[in-house]
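Participant:
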Amino acid sequence: MNQLTGKVALVTGASRGIGRACAIKLASLGAKVIVNYNKSASAADEVVAEIKRNGGEAIAAQGDVSQFAAAQNVVKAATDAFGRIDILVNNAGTTRDNLLALMKEEDFDVIIAQDLKSVFNCSKAALRQMMKQKYGRIVNMTSIAGVVGNPGQTNYSAAKAGVIGFTKAMAKEYGGKNIAVNAVAPGYIPTDLTNALPQEIKDGIVKLTALGRMGTAEEVANVVAFLASDEASYITGQVVSVDGGLT
Numbered sequence: 018m019n020q021l022t023g024k025v026a027l028v029t030g031a032s033r034g035i036g037r038a039c040a041i042k043l044a045s046l047g048a049k050v051i052v053n054y055n056k057s058a059s060a061a062d063e064v065v066a067e068i069k070r071n072g073g074e075a076i077a078a079q080g081d082v083s084q085f086a087a088a089q090n091v092v093k094a095a096t097d098a099f100g101r102i103d104i105l106v107n108n109a110g111t112t113r114d115n116l117l118a119l120m121k122e123e124d125f126d127v128i129i130a131q132d133l134k135s136v137f138n139c140s141k142a143a144l145r146q147m148m149k150q151k152y153g154r155i156v157n158m159t160s161i162a163g164v165v166g167n168p169g170q171t172n173y174s175a176a177k178a179g180v181i182g183f184t185k186a187m188a189k190e191y192g193g194k195n196i197a198v199n200a201v202a203p204g205y206i207p208t209d210l211t212n213a214l215p216q217e218i219k220d221g222i223v224k225l226t227a228l229g230r231m232g233t234a235e236e237v238a239n240v241v242a243f244l245a246s247d248e249a250s251y252i253t254g255q256v257v258s259v260d261g262g263l264t
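Residue numbering for the sequence shown follows the working numbering, beginning at 18 and increasing consecutively.
Given below as structure tokens:
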């Protein structure tokens with residue numbers, strides 16, 4: 018029997034990149050997966066189709082989880098479909114990079130909403146069901162930008178640092194209810210978000226890693242799956258860097 022058999026997992030922003038890899042990995046371990054997406058319906062349907070091709074169970078659920086009501090609806094779609102929610106992977110997010118002097122106020126506000134408030138929205142929405150079950154595993158996607166800061170990303174670094182503080186506080190609040198809350202901080206992982214970076218910046222980042230290479234979305238998903246499993250039952254409030262030794 019797979020280690021997540023009987024568990025229900027909601028992955029936000031799961032139509033591509035790291036979220037997609039997490040959804041596929043959790044399903045491969047036996048979890049029933051809700052693939053959340055905002056705009057990429059066809060990509061989300063493809064993730065669901067891939068999971069089903071491999072013998073898993075999944076549904077897609079549309080919703081902009083930076084909006085509180087939409088996040089509640091996505092969680093409701095999960096519990097309506099499968100009767101419970103055991104695992105929440107808060108992965109939804111985006112970037113709007115610029116130097117602070119050139120950054121528009123809207124570019125700051127959007128990133129705080131997409132990358133930080135979405136974590137509040139979904140965690141709060143899932144909490145009641147997890148408390149009722151006396152069981153929950155929440156894995157929040159932060160970034161090394163939230164740990165060390167990244168030039169040109171004051172908005173993104175602030176949001177991702179906020180995710181770390183949120184993770185540690187929530188872990189302390191709900192550990193007694195058997196709800197573990199951890200964060201994963203990826204380093205340089207090629208995705209649609211990072212592909213826009215100039216090649217010389219990519220090469221420079223790779224040189225800074227101890228392993229001398231980029232990571233993969235699957236390598237991040239492996240750590241998320243571990244933290245979502247009962248093998249990590251005594252781990253909470255932690256930030257695990259998956260960065261090839263960059264930090």
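Note that CB positions come from ideal geometry on N, CA and C, so glycine has one too. Keep in mind it's a predicted model, so treat the numbers as computed, not measured.
1) Between which residues of its own chain and alanine 40 is the CB-CB distance below 6 Å, once the five residues before and five after are set aside?
2) Can you check DSSP and say which residues form a bridge with arginine 154?
3) Tell me, please, which residues DSSP counts as bridged to glutamate 122.
4) Contact defined as beta carbons within less than 8 Å: I believe alanine 16 pairs with isoleucine 76. What is the distance between those atoms, to the nearest angstrom?
5) Going by DSSP, what residue range makes up the beta strand (DSSP E) through isoleucine 51?
6) Does the region 149-156 come into contact with the region 214-232, if we say contact requires no fewer than three beta-carbon pairs (one atom in each stretch) closer than 8 Å?
7) What residue range is occupied by the uninterrupted beta strand (DSSP E) comprising leucine 27?
8) Starting from the Cα of alanine 130, find the closest Cα among Leu144, Gln84, Asn107 and give me that residue.
9) Please say whether threonine 184 and alanine 200 have beta carbons closer to each other than 8 Å?
10) Quick one, which of Pro207, Thr208, Leu116 has its alpha-carbon nearest glutamine 170's?
11) Specify whether the region 178-195 and the region 223-232 touch according to this definition: at least 3 beta carbon pairs, one from each stretch, less than 8 Å apart.
Facilitator: Put simply:
1) Reading the sequence shown from its first residue, position 23 is the one you call residue 40. Val28, Ala31, Val50, Val52, Val64, listed in sequence order.
2) By one-based count along the sequence shown, residue 154 stands at place 137. According to DSSP, residue pairing for arginine 154 in a beta bridge involves Ile104, Ala197.
3) Start at 1 with the first residue of the sequence shown, and residue 122 comes out as number 105. For glutamate 122, which the question treats as bridged, DSSP gives no partner whatsoever.
4) Outside the modelled stretch of the chain, which goes from 18 to 264, sits residue 16, for which no answer is possible.
5) Position 34 of the sequence shown, counted from the start, is the residue given in the question as residue 51. Taken as a continuous stretch (DSSP letters only), the beta strand (DSSP E) holding isoleucine 51 covers 49-54.
6) no
7) Translated into the one-based positions of the sequence shown, residue 27 becomes position 10. That run of the beta strand (DSSP E) goes 25-28.
8) To locate residue 130, count along the sequence shown from 1; it is residue 113. The shortest Cα separation from alanine 130 among Leu144, Gln84, Asn107 belongs to Gln84.
9) As a working mapping, residue 200 is identified with position 183 in the sequence shown. As a working mapping, residue 184 is identified with position 167 in the sequence shown. Yes, they are a contact pair.
10) The count along the sequence shown starts at 1 and reaches residue 170 at position 153. Among Pro207, Thr208, Leu116, the Cα nearest to that of glutamine 170 belongs to Leu116.
11) no
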